[in-house]
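Worksheet: one structure, shown below.
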């Protein structure tokens, strides 16, 4: 298996080199939304859930949403123009974004320089003043202001596609 371009340490150094202000809290491993509520209490801002998906046409997708967002995977393809969606395998996840299940994060887009993974951002998360993501590992959480998160995406030359998941029936 090929090593990812960025490790958590290299990612955080790169965010710093970009002049982005981050705050990272190291903690015990958190594998799914609903775990680590005590940790989240220490971190202001919106907390995320991140889904790595593939469609039946082979396109890979990363969705970053506010942790309480309800994502209707059956209705989503029509909205985004994808095929039927399913969760990507751990092997495909690692090959595409250099992370393992439990560590899926928008910050992993740094490991996809060829933009093979299409990125969707939840409207609620896009409007949050502060967003919290794992820095390529589920044993830490990194907070960024919305403007710094957008600057990170711009540094990757990523198109920002915002989806209002409350509108998907």
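In the working numbering, the protein residues as written are 69 to 237. Backbone N, C-alpha and C define an ideal beta-carbon position, used for all residues, glycine too.
Inside the stretch 176-234, DSSP marks whole alpha helix (DSSP H) runs of 4 or more residues at positions 191-194 and 214-223, from first to last along the chain. Counting C-beta pairs closer than 8 Å gives three or more between the stretch 123-136 and the stretch 153-162, which meets the contact rule. For residue 78, the enclosing alpha helix (DSSP H) has its first and last residue at 76-85. Looking at 219, 229, 212 and 236, the one whose alpha-carbon comes closest to that of residue 115 is 212. Here DSSP, grouped into helix, strand and coil, assigns residue 159 to helix. Cβ-Cβ distances below 7 Å link residue 164 to 128, 180, 184 and 185 in the same chain, with the five nearest sequence neighbours on each side left out; the list follows chain order.
Going by beta carbons, residue 204 and residue 76 fall inside the 7 Å limit.
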